[in-house]
Amino acid sequence: MPTNAGTRRPAIARSTDWVAPPPAWVVWLALGAATLVAVGLRAASVGDQSLGYEEVFTSSIVRQGSASGVWHALRATESTPPLYYYLTWVWVRLTGDHSAVAIRTTAVLAGIATVPVVFMAMRRFVGDGLSVVVAWLCAISPLLLEYSIYARSYALLVLVTTLSLWALGALLERPSPKRWAVWTLTGVVCIWTHYFAAFTLVGEAVVLFLVLPKDRAKLALSVVAIAVAFAPVWSLFRAQSRATGRTAFITARPLRSRLEDVARQFAMGTNVPHAWLEGAGIAATGAAVVFAAARMRRRRPARVLGLLAVIGAGLPILAAAAGVADYLLARNIIGVLICLAPLVAYGLTRWRGVPLVAYSGLCLLAVVGVQTNWRYQGSPDWAGVGALVGARTSGEPVAVIPAMDVSVAALYLGRAALAGSLSTRDLWVMAEPVRAAHQRALAPLADVPLGLWGGSLRRVAEVDYRGFRLIHLHSSLPSVVAAPPPGAAGGLTPAVLAP
Numbered sequence: 000m001p002t003n004a005g006t007r008r009p010a011i012a013r014s015t016d017w018v019a020p021p022p023a024w025v026v027w028l029a030l031g032a033a034t035l036v037a038v039g040l041r042a043a044s045v046g047d048q049s050l051g052y053e054e055v056f057t058s059s060i061v062r063q064g065s066a067s068g069v070w071h072a073l074r075a076t077e078s079t080p081p082l083y084y085y086l087t088w089v090w091v092r093l094t095g096d097h098s099a100v101a102i103r104t105t106a107v108l109a110g111i112a113t114v115p116v117v118f119m120a121m122r123r124f125v126g127d128g129l130s131v132v133v134a135w136l137c138a139i140s141p142l143l144l145e146y147s148i149y150a151r152s153y154a155l156l157v158l159v160t161t162l163s164l165w166a167l168g169a170l171l172e173r174p175s176p177k178r179w180a181v182w183t184l185t186g187v188v189c190i191w192t193h194y195f196a197a198f199t200l201v202g203e204a205v206v207l208f209l210v211l212p213k214d215r216a217k218l219a220l221s222v223v224a225i226a227v228a229f230a231p232v233w234s235l236f237r238a239q240s241r242a243t244g245r246t247a248f249i250t251a252r253p254l255r256s257r258l259e260d261v262a263r264q265f266a267m268g269t270n271v272p273h274a275w276l277e278g279a280g281i282a283a284t285g286a287a288v289v290f291a292a293a294r295m296r297r298r299r300p301a302r303v304l305g306l307l308a309v310i311g312a313g314l315p316i317l318a319a320a321a322g323v324a325d326y327l328l329a330r331n332i333i334g335v336l337i338c339l340a341p342l343v344a345y346g347l348t349r350w351r352g353v354p355l356v357a358y359s360g361l362c363l364l365a366v367v368g369v370q371t372n373w374r375y376q377g378s379p380d381w382a383g384v385g386a387l388v389g390a391r392t393s394g395e396p397v398a399v400i401p402a403m404d405v406s407v408a409a410l411y412l413g414r415a416a417l418a419g420s421l422s423t424r425d426l427w428v429m430a431e432p433v434r435a436a437h438q439r440a441l442a443p444l445a446d447v448p449l450g451l452w453g454g455s456l457r458r459v460a461e462v463d464y465r466g467f468r469l470i471h472l473h474s475s476l477p478s479v480v481a482a483p484p485p486g487a488a489g490g491l492t493p494a495v496l497a498p
């Protein structure tokens, strides 16, 4: 069929199918089922876990009374852009609800929305048949589920990265002013969500530069527009980057260990209950990616997705290895997972889909294993131990170990940190459960430093609850209790909550 002289051949054709497409009604039915599974898994677990250390900061930020208050709180405590917090701030103001479920709602909705959006984004790259498999993998991914019920910006980062890939696919299919504008807008949303989204945007810009040489002036205009839109966040970024103590925990771990985390968490999530379960999932996804890369390397969509993954993950890895800027964590590059998902999906659908069924079973086993066992959940059961402390204590101070989690303890115990000192005959020491090196399960702290308040306060009782050790100290004479100086017990220095 003849074409008009001005018609341009699409860089990526919509009809590019990596697998034989099923009937349309099957595709849409499967997409609906995957979305319902995503809703069910997230709704079932969003309220089960207590808020963790970082989530308490989110709770504090979204309690601000004004938009400027949110901005200043982000400047003072965070290392990420403001979009997630403003969306959550608006939600809690509209609902008047500051519960764990309320401040996790933005993440939950983003996690659910990712499932249909990733289908729409990948249709232009791999066709309908494989796109619905990608949507299913996003619905059951242990890692994406974990961050969909976590009151931070990571689930939103995945969603906006997916929207950006959707806009990229539209541009590669048929460049137009409207599509350039949409891609630019998604880029702005990305960098207002998470700074690491910039690496994916760099990858997309490289793809557009190489694949659409006639539109390089438009690409330059879009990049300038994104940079201008980032300008209001620049001062926030500068202030946050000076507070190096907020990210010191990253470089405290060897880079090699964090790189291992990327492969492990992308495949099966953070705290997999069994080593065999984690190993099987890593083997399945690794083999799927290698198989797909070998079989599909000549197809432009595969090269585009592969380039995006290499740049999106490779730039922060290189920066970390060179010591230029080491902020590498698996969750910071979680958006790259969307670029790799089609390759995983293609490999898993070989051999009549038996690998896909097996891997789906592994993911669901991991999800159920984590959500039904406090030892593998992301946050200890602060709500439960808070109720226990309220029932056991009657006006005595409580020392929290380690001190860094005093804000979480204060929230669930309804107390404030002790500013000075007080005289008491009774002190309760609450030691948070820990994850030992290379362990996934929470366990009680073995050696609790009880001698920090002198020898007059002696252990008289202990109650253990889900890894927490609640130790009652008593003295026959009043003893002065104050928060020990920082470093008094190394990383186990406690803070004290007033009665």
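Quick note on numbering: numbering that gives the first Met the number 0 labels position 481 of the sequence shown as 480, and the sequence is numbered without any gaps. We put the beta carbon where it would ideally sit given N, CA and C, even for glycine.
field: Beta-carbon gap between Thr183 and Ser221 smaller than 9 angstroms
entry: yes
query: Which of the three DSSP states, helix, strand or coil, is assigned to Tyr464?
result: strand
message: For the alpha helix (DSSP H) containing Ser420, name the first residue and the last one.
response: That residue, Ser420, is in no alpha helix (DSSP H); its beta strand (DSSP E) goes Ser420 to Ala430.
message: On the DSSP letters alone, give me the boundaries of the beta strand (DSSP E) that Ala251 sits inside.
response: That residue, Ala251, is in no beta strand (DSSP E); it is neither H nor E in DSSP.
C-beta contact flag for Pro396 and Val480 at 9 angstroms: yes
- prompt: Any chance the region 56-64 sits against the region 28-47, with 3 or more Cβ pairs inside 8 angstroms?
  reply: no
message: Which of the three DSSP states is assigned to Pro477 in this structure?
response: strand
field: Reduced DSSP secondary structure (H/G/I, E/B, other) of His71
entry: helix
query: For Arg457, does the three-state DSSP call read helix, strand or coil?
result: strand
query: How long is the line joining the alpha carbons of Met119 and Leu417, rounded to whole angstroms?
result: 53 angstroms
field: Close beta carbons around Thr284, own chain, < 6 angstroms, minus the five adjacent residues each side
entry: Ala266 and Val343
- request: Please go through the same chain and pick out, in chain order, the residues whose beta-carbon is closer than 8 angstroms to the beta-carbon of Gly490, but skip the five residues on each side of it.
  value: Pro401
- prompt: With a Cβ-Cβ cutoff of 9 angstroms, do Ala312 and Pro141 count as a contact?
  reply: no
- prompt: For Leu102, does the three-state DSSP call read helix, strand or coil?
  reply: A small correction: the amino acid at residue 102 is Ile; Leu does not occupy that position in the sequence shown. Helix.
Range covered by the alpha helix (DSSP H) that runs through Leu200: Ala196 to Val210
- prompt: By how many angstroms is the C-alpha of Gly368 removed from the C-alpha of Trp452?
  reply: 40 angstroms
- prompt: To which residues does DSSP link Ala442 through a beta bridge?
  reply: Val433
- prompt: Taking the alpha-carbon positions, what's the Leu164 to Trp233 distance?
  reply: 24 angstroms
query: Quick one: what's His471 bridged to in DSSP?
result: Trp427 and Ala460
field: Same chain, Cβ closer than 7 angstroms to Ala279, neighbours up to 5 away in sequence not counted
entry: Leu361
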